[in-house]
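One structure below.
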Amino acid sequence: MEDMYDNKKEMIDLASMLDEHNAGDVLVLDIAGQSSIADYFVIATVSSEAYLRGLVDDIDRYCDGQALEVRMPDRRHDGSGWTVMDGGWFVIHLMTKEIREFYDLERLWFHSPRLYGEELQSASSAGQSSSSSVSS
Numbered sequence: 012m013e014d015m016y017d018n019k020k021e022m023i024d025l026a027s028m029l030d031e032h033n034a035g036d037v038l039v040l041d042i043a044g045q046s047s048i049a050d051y052f053v054i055a056t057v058s059s060e061a062y063l064r065g066l067v068d069d070i071d072r073y074c075d076g077q078a079l080e081v082r083m084p085d086r087r088h089d090g091s092g093w094t095v096m097d098g099g100w101f102v103i104h105l106m107t108k109e110i111r112e113f114y115d116l117e118r119l120w121f122h123s124p125r126l127y128g129e130e131l132q133s134a135s136s137a138g139q140s141s142s143s144s145v146s147s
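Quick note: to get our numbering, add 11 to the position in the sequence shown (first position is 1).
Rendered as structure tokens:
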């Protein structure tokens with residue numbers, strides 16, 4: 012597997028790209044050691060189904076340019092409000108606000124360190140920065 016720091020940086024760079032493309036509430040969770048699915052979850056809110064479809068294309072182009080392999084969703088235009096993109100060691104979840112609030116992945120993975128996002132750590136992690144940054 013690749014160097015862990017490089018993986019963190021790649022995920023933070025991906026999250027930053029999502030922010031630049033106006034995805035909402037972008038979050039990177041380090042789920043390594045807690046899941047056999049992947050090492051990282053990247054979660055972002057989209058404003059509409061149409062925006063979700065466009066953002067999937069933006070992510071595909073970005074990942075190609077960064078030599079990150081990501082499998083495109085088979086049902087990418089199904090109207091569910093949730094698209095999952097599988098990068099092997101990372102998984103990207105794009106959801107409408109309603110779907111994100113309903114499934115609340117952040118709550119399910121609340122023990123996972125946050126590497127990027129408005130709320131970098133749970134409230135119990137006093138002293139951590141509350142802005143987007145890399146955690147040590």
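Beta carbons: idealized from backbone N, C-alpha and C, even for Gly. The structure displayed is predicted, hence computed values, not measured ones.
**Asked** DSSP three-state call for D69: helix, strand or coil?
**Response** D69: helix per DSSP, three-state reduction.
| request: Would you kindly work out how many angstroms separate the C-alpha atoms of L63 and I103, rounded to a whole number? | output: Rounded to the nearest angstrom, the two C-alpha atoms are 12 Å apart.
| So, is S91 buried or exposed, given that buried needs 16 or more other C-beta atoms within 10 angstroms? | Per the 10 Å Cβ criterion, exposed.
Answer with buried or exposed for S47, where buried requires no fewer than 16 other C-beta atoms within 10 angstroms of its C-beta. Per the 10 Å Cβ criterion, exposed.
Requested in this report: Within its chain, find whatever has a CB closer than 7 Å to the CB of E31; leave out the 5 residues flanking it on each side and keep chain order.
Outcome: Around E31: no qualifying Cβ.
Kindly indicate which three-state DSSP category I42 falls into: helix, strand or coil? I42: coil per DSSP, three-state reduction.
For R125, the residue or residues it bridges with in DSSP: In DSSP, R125 forms a bridge with L40.
Fill in: Rounded straight-line distance, which links the Cα of Y51 to that of D97
So the alpha carbons of these two residues sit roughly 11 Å apart.
Checklist line | N-terminal and C-terminal residue of the beta strand (DSSP E) that I54 is part of | finding: Looking at the DSSP string, the run of the beta strand (DSSP E) that includes I54 is Y51 to V57.
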